[in-house]
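Enquirer: Chains as they are written, first to last, in my numbering: chain A, 1 to 198; chain B, 1001 to 1198; chain C, 2001 to 2326; chain D, 3001 to 3326. Glycine included, C-beta positions come from ideal geometry on N, C-alpha and C. Got a structure for you, written out below as structure tokens; questions coming shortly.
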Ligand SMILES: Nc1ncnc2c1ncn2[C@@H]1O[C@H](COP(=O)(O)OP(=O)(O)O)[C@@H](O)[C@H]1O
Ligand SMILES: Nc1ncnc2c1ncn2[C@@H]1O[C@H](COP(=O)(O)OP(=O)(O)O)[C@@H](O)[C@H]1O
Ligand SMILES: [Mg+2]
Ligand SMILES: [Mg+2]
Ligand SMILES: [Mg+2]
Ligand SMILES: [Mg+2]
């Protein structure tokens, strides 16, 4: 079982990792976007920490994270990550602890939410290119480390393709050779999960 | 006697010297002015060459030079040099050749014209600080080379004083240490006279 | 990074206060939000626009009679969040509905759409148009489509005129969509800009290079080329625009990106006007200036809007805002 | 030097044509001269101003109803020649006399004075005022006195309003002189500008330096200092202005030098407004924008004009020009 304490610890670890790496994320976004991804995520998770309702259930906590992200991140990442966390929160409403299966169902909701909001599919050089392969590994019974590996491969894959969604799409072929900031930030979140699973 | 041919030759030599040194004059003006003195003088003397009425008398030629300078140089130098040449032209109206005395009387008119137009006196870091000492030497019977030497000393002197007229005056004490562009351009004209006198 | 600011984190807040203090007769700031609304609420269909900050005078400078009712300012170059847009919608709605004028960026579209959902849930009538005038970006079913850039100002102007005149929401939307269908823009830069919080420019250009097909968020353009003369650059930009659709009778907007001197914008317009004349395209009206900027970026965009009588009427109508008056 | 131009020698000519082509409803160019005059000559006392180019939208952008009748454009930062000014005077004179609004620079004063002499010789009634609002420069009997900078725009506005309303030459001059007596400006820059024909900047600043007491011709200022925050800079500039005379009820002009983003001008205004409020000085009206520029220089000036009822009336009167409308 995954406890509420673990969920809270993961969220805090994500915030810590973004605090450490936001400049790197921004640099990635300067190359093929508008150079704000790290700034936005950092602003968002700083607010998340301030507003985390630690005494509430897992669903309420995740929903709160999602709403905070929606109302503080802005740009493309705000609605996308915000929707993802909110959808997970709805799925896990009322839970004080969850099974691995419940978590994966919630992840499925998260991916569906991102796709619905962003109208993107895999292969468009977005968050999805790291997130979906990782989820596939987990659903096939793989370990968290293997999932992170799949996400990292996804980041590498984003270097080889033209962006067709998000701001990087305006660059056309010039986007090739550069990794996607969103795929990078979602991998960072998956790493926090993997570490907690150890 | 100074012939019309000599006067024309001197004017052309001045134009040639400005064509050679306009960038230098502009650099001097960038330091304590607005960086256009060379550009302005170059535009002026290029026009002077195009409009020189070589078949007319010395007075008419000098008046034409003055009017061309007034209508093409702009800035402070345009009215000042323009007035100077026009005053000389009026003084030497109708002459096909002139004596040294007549020339010096004309120079006196030029200096008076500059002073009247610019309300400046010696010691304010202007054209006058090179022109007046040179004229004093000539009036005292000195040679053209001595006059040029006096003008050059005048340029050196401008480095030691605060500008109180023209654009350099806005710099206050910061104008000290830098030579005056106008004193430099008038010295260049005096050198052309000196060379012709050889 | 050299800027006349106090702290990158406070730039938007201080700027909005600076605008509200300068022009209380035009706008007021919604307490606690990054939103400027008209000083006096108007009883009509309301127009709300906005986006990341850094495009000043867009959009706050375009709030006023005959143009916008509310402008939402995100962080620099970052689309504002749905709750902010929602507040703006609530503040300006006079019961006749609100039209959102969105520039086509993934983030802007998503955030404004979420706000629209929130407003609809509260019973406010909301509709939206998405401006996508940038011909530098190839439009296709498989991409996010063209960006919204300087042409947005003309959408505000013309749709705003009809809203001011009392048109209902569907009609204001129809007009806005007609402007969007008829407007095309192409931009370029010779110097990049720096997002205050990022601290360094979004791209670097050598002394003899320029960036063509530039957007308005400091991001790189669609291609880099050797710096050319103003006339050659204008030819190249007009070439892209004129290849995209037919123009006969146009409004021209030569828009500076914030750091471009007015002198250069008019040097560009001088040639734009000549080229259009040589092609038999009638110039009905020309607007030159810094309207949709990218902080201190140096460069410009050229916008052509094909006009008909309806659009001309909207263009000529009185506008009285901080940055656009006619 | 990176500029959107074709050839440094043609910049002024092409710019003037670009303005005339963009705004035929406002101005026309006098054939063969570097002069913009109103599209429709007005039967009233005429105002002529001008100076070197590079200050756009001043002065051509301020030609129109309620402001100037003619603007003479010299080479970049070089005062125009007397024959040009003379042509402008002849073109705008409607028999009621012409007021020359001259910025206080040796060159401008001499060239405009020579033009006035030429016009008087032809029987045209001409008078002049010399604007000297720059408190950065010490005024003294023994120097050329203060420079004329951004405050000039307010002279055009207010004297222009009275001329438009039919005041006679002596009255328009009296009003102009009252504005001049009541207006003070201080400027600074964080980046210099480059005169096209010179090809390199007029001064160099390190990344952590600023130039205080800057003029509007790309020349160095009165002192160099470490770069500070916008608020500290505004404090320092206001300090100089407020030390110079008493202010109670003012118009504020936060003027950009051409390369300064609008964002930063409003950040500055935010603090200017606070400081004035804290000192009990009433802000009657605020104007923010690029009005008296130095090509692409980055920086700004702050202008305060002490108002009375007469000046307020002139300030509020309708103005309809390319760059200033109210
Ligand atoms: N339609 C989309 N679907 C999924 N992810 C997207 C989409 N559009 C953009 N992204 C992700 O968002 C990231 C950029 O986020 P951010 O820089 O915060 O927003 P913006 O592009 O508005 O500045 C991209 O790297 C990409 O991974
Ligand atoms: N009042 C004056 N009397 C005499 N010479 C002057 C006066 N004012 C300026 N000058 C001269 O003019 C020179 C500057 O000329 P220029 O750069 O062409 O004009 P501007 O200062 O208008 O740009 C100065 O170096 C100085 O020698
Ligand atoms: Mg981004
Ligand atoms: Mg000079
Ligand atoms: Mg962004
Ligand atoms: Mg000059």
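Any chance you could list the residues with Cβ under 5 angstroms from a heavy atom of ligand 4, keeping chain order?
Expert: Selection output, chain order preserved: B/1029, B/1033, B/1034, B/1036 and B/1037.
Enquirer: Just the chain D side, please: which residues come within less than 9 angstroms of residue 2078 of chain C by C-beta, in chain order?
Expert: Taking the first residue of the third chain as position 1, residue 2078 of chain C is located at position 78. Result: empty, since nearest Cβ-Cβ is about 14 angstroms, beyond 9 angstroms.
Enquirer: Go through its chain and collect everything with a Cβ distance to residue 2296 of chain C's Cβ below 6 angstroms, but skip five positions before and after it.
Expert: Mapped onto the third chain, residue 2296 of chain C falls at position 296. Within the same chain, residue 2296 of chain C has close Cβ partners 2193, 2258 and 2259.
Enquirer: Given that residue 2053 of chain C touches chain D, what residues does it touch there, using C-beta distances under 9 angstroms?
Expert: Residue numbering aside, residue 2053 of chain C sits at position 53 when the third chain is read from its first letter. Those within 9 angstroms of residue 2053 of chain C in chain D are 3263.
Enquirer: Closer than 8 angstroms, Cβ to any Cβ of chain C: which residues of the segment 143-174 of chain A, in chain order?
Expert: The residues in question are 164, 165, 166, 167, 169, 170, 171, 172 and 174.
Enquirer: In whole angstroms, give me the CA-to-CA distance for residue 1131 of chain B and residue 1187 of chain B.
Expert: In the second chain, the residue the question calls residue 1131 of chain B occupies position 131. In the second chain, the residue the question calls residue 1187 of chain B occupies position 187. So the two alpha carbons sit approximately 7 angstroms from each other.
Enquirer: Who are the near neighbours of residue 3180 of chain D in its chain, counting only those whose CB is closer than 8 angstroms to its CB and skipping five residues on each side?
Expert: What you label residue 3180 of chain D is simply residue 180 of the fourth chain in a count that begins at 1. So the list reads 3129, 3130, 3131, 3132, 3133, 3151 and 3155, once near-sequence residues are dropped.
Enquirer: Using a threshold of 9 angstroms, state whether the C-beta atoms of residue 1061 of chain B and residue 1052 of chain B are closer than that.
Expert: Your numbering for residue 1061 of chain B matches position 61 in the second chain. Your numbering for residue 1052 of chain B matches position 52 in the second chain. Yes. Within cutoff.
Enquirer: Residue 2083 of chain C versus chain A: which residues are under 8 angstroms apart at the beta carbon?
Expert: Numbered from 1 along the third chain, position 83 holds the residue referred to as residue 2083 of chain C. Within chain A, the residues near residue 2083 of chain C are 70 and 71.
Enquirer: Kindly say whether residue 2219 of chain C, judged by its beta-carbon, lies nearer than 9 angstroms to any beta-carbon of chain A.
Expert: Against the third chain, residue 2219 of chain C aligns to sequence position 219. Chain A, which has a Cβ nearer than 9 angstroms to the Cβ of residue 2219 of chain C, makes this yes.
Enquirer: With a threshold of 8 angstroms (Cβ to nearest heavy atom), would residue 1165 of chain B be considered close to ligand 7?
Expert: Ligand 7 is not among the ligands present in this structure, which contains only ligand 1, ligand 2, ligand 3, ligand 4, ligand 5 and ligand 6.
Enquirer: Within 8 angstroms, do at least three Cβ pairs link the segment 1155-1171 of chain B to the segment 1138-1146 of chain B?
Expert: Flag = no, the segment 1138-1146 of chain B and the segment 1155-1171 of chain B do not touch.
Enquirer: Relative to chain C, which residues along the segment 78-94 of chain A have a C-beta separation below 9 angstroms, given in chain order?
Expert: Within the segment 78-94 of chain A, the residues whose Cβ lies closer than 9 angstroms to some Cβ of chain C are 78, 79, 80, 82 and 83, listed in chain order.
Enquirer: Quick one: grab the DSSP three-state call for residue 3274 of chain D.
Expert: Translated into the one-based positions of the fourth chain, residue 3274 of chain D becomes position 274. Residue 3274 of chain D: helix per DSSP, three-state reduction.
Enquirer: May I have the straight-line CA-CA distance separating residue 3169 of chain D from residue 2261 of chain C, to the nearest angstrom?
Expert: Taking the fourth chain and counting its residues from 1, one reaches residue 3169 of chain D at position 169. Taking the third chain and counting its residues from 1, one reaches residue 2261 of chain C at position 261. Distance between the alpha carbons of residue 3169 of chain D and residue 2261 of chain C is about 34 angstroms.
Enquirer: Assess, as a yes-or-no matter, whether the segment 89-98 of chain A is touched by the segment 68-81 of chain A under the definition of 3 or more beta carbon pairs within less than 8 angstroms.
Expert: No, because fewer than three Cβ pairs between the segment 68-81 of chain A and the segment 89-98 of chain A fall closer than 8 angstroms, the two stretches do not touch.
Enquirer: Can you confirm whether residue 2266 of chain C, when its beta carbon is compared against all beta carbons of chain D, has any partner nearer than 9 angstroms?
Expert: Within the third chain, numbered from 1, the residue matching residue 2266 of chain C stands at position 266. So yes, residue 2266 of chain C belongs to the interface.
Enquirer: So, helix, strand or coil for residue 3067 of chain D, using DSSP?
Expert: Within the fourth chain, residue 3067 of chain D is the residue found at index 67, counting from 1. Note: residue 3067 of chain D maps to coil in three-state DSSP.
Enquirer: Which same chain residues end up closer than 6 angstroms to residue 2212 of chain C when comparing Cβ atoms and leaving out the 5 residues on each side of it in sequence?
Expert: The sequence position of residue 2212 of chain C within the third chain is 212, counting from 1. For residue 2212 of chain C, where only same-chain residues beyond five positions count, the Cβ hits under 6 angstroms are 2188, 2221, 2223 and 2225.
Enquirer: List the DSSP bridge partners of residue 3 of chain A.
Expert: On the first chain, residue 3 of chain A is found 3 positions in, with the first residue counted as 1. Paired residues: A/97.
Enquirer: For chain D, is any of its Cβ atoms less than 9 angstroms away from the one on residue 1066 of chain B?
Expert: Counting from 1 along the second chain, the entry for residue 1066 of chain B is found at position 66. With 9 angstroms as the cut-off, residue 1066 of chain B does not count as an interface residue toward chain D.
Enquirer: Is there a Cβ of chain D sitting closer than 9 angstroms to that of residue 1030 of chain B, yes or no?
Expert: As a working note, residue 1030 of chain B is residue 30 in the second chain. Interface residue, yes.
Enquirer: Taking 8 angstroms as the cut-off, is the CB of residue 3111 of chain D close to at least one heavy atom of ligand 3?
Expert: For the purposes of this step, residue 3111 of chain D is taken as residue 111 along the fourth chain, with counting starting at 1. Not under cutoff, so the answer is no.
Enquirer: In chain A, which residues lie less than 7 angstroms from residue 2111 of chain C when you measure between Cβ atoms?
Expert: Position 111 of the third chain, counted from the start, is the residue given in the question as residue 2111 of chain C. Within chain A, the residues near residue 2111 of chain C are 74, 78 and 79.
Enquirer: Among A/63, A/34 and A/36, whose alpha-carbon lies nearest the alpha-carbon of residue 48 of chain A?
Expert: Position 48 of the first chain holds residue 48 of chain A. Looking at the Cα atoms, A/63 is the closest of the given residues.
Enquirer: At a threshold of 8 angstroms, does residue 126 of chain A count as lining ligand 1 (C-beta to nearest heavy atom)?
Expert: One-based indexing of the first chain puts residue 126 of chain A at position 126. True, at least one ligand heavy atom lies under 8 angstroms from that Cβ.
Enquirer: Kindly confirm or deny that the segment 161-174 of chain A and the segment 108-126 of chain A touch, where touching means at least three C-beta pairs closer than 8 angstroms.
Expert: Yes, the segment 161-174 of chain A touches the segment 108-126 of chain A.
Enquirer: Do we get a CB-CB distance below 9 angstroms when we pair residue 3004 of chain D with the residues of chain C?
Expert: Residue 3004 of chain D sits at position 4 when you count from the first residue of the fourth chain. Closer than 9 angstroms: yes.
Enquirer: Do the segment 3066-3074 of chain D and the segment 3231-3250 of chain D meet, that is, are 3 or more Cβ pairs less than 8 angstroms apart?
Expert: Segments in contact, no.
Enquirer: Please check the pair residue 3106 of chain D and residue 1033 of chain B, which I expect to be a contact at CB under 8 angstroms, by giving their CB distance rounded to whole angstroms.
Expert: For the purposes of this step, residue 3106 of chain D is identified with residue 106 of the fourth chain, where counting begins at 1. For the purposes of this step, residue 1033 of chain B is identified with residue 33 of the second chain, where counting begins at 1. Actually they do not touch by this definition, with Cβ atoms about 10 angstroms apart.
Enquirer: Cβ-heavy atom distance between residue 75 of chain A and ligand 3 below 8 angstroms?
Expert: Looking up residue 75 of chain A in the first chain gives position 75. Flag set: Cβ of residue 75 of chain A near ligand 3.
Enquirer: For a contact meaning CB atoms closer than 7 angstroms, what does residue 26 of chain A contact in chain C?
Expert: The residue you call residue 26 of chain A lines up with position 26 of the first chain. Those within 7 angstroms of residue 26 of chain A in chain C are 2198.
Enquirer: Could you spell out the range, first to last residue, of the alpha helix (DSSP H) harbouring residue 3255 of chain D?
Expert: Here residue 3255 of chain D refers to the residue found at position 255 when the fourth chain is read from its first residue. Segment 3249-3256 is the beta strand (DSSP E) holding residue 3255 of chain D; no alpha helix (DSSP H) there.
Enquirer: Please name the residue in D/3078, D/3083, D/3051 and D/3100 whose C-alpha comes closest to that of residue 3069 of chain D.
Expert: Numbered from 1 along the fourth chain, position 69 holds the residue referred to as residue 3069 of chain D. Comparing Cα-Cα distances from residue 3069 of chain D to each of D/3078, D/3083, D/3051 and D/3100, the minimum goes to D/3100.
Enquirer: Cβ-heavy atom distance between residue 2167 of chain C and ligand 2 below 8 angstroms?
Expert: Sequence index remark: in the third chain, residue 2167 of chain C carries index 167 (1-based). Flag unset: Cβ of residue 2167 of chain C not near ligand 2.
Enquirer: Mind pulling the chain A residues with CB within less than 7 angstroms of residue 2174 of chain C?
Expert: Position 174 of the third chain, counting from 1, holds the residue named residue 2174 of chain C. Within chain A, no residue comes near residue 2174 of chain C; the closest Cβ sits about 25 angstroms away, beyond 7 angstroms.
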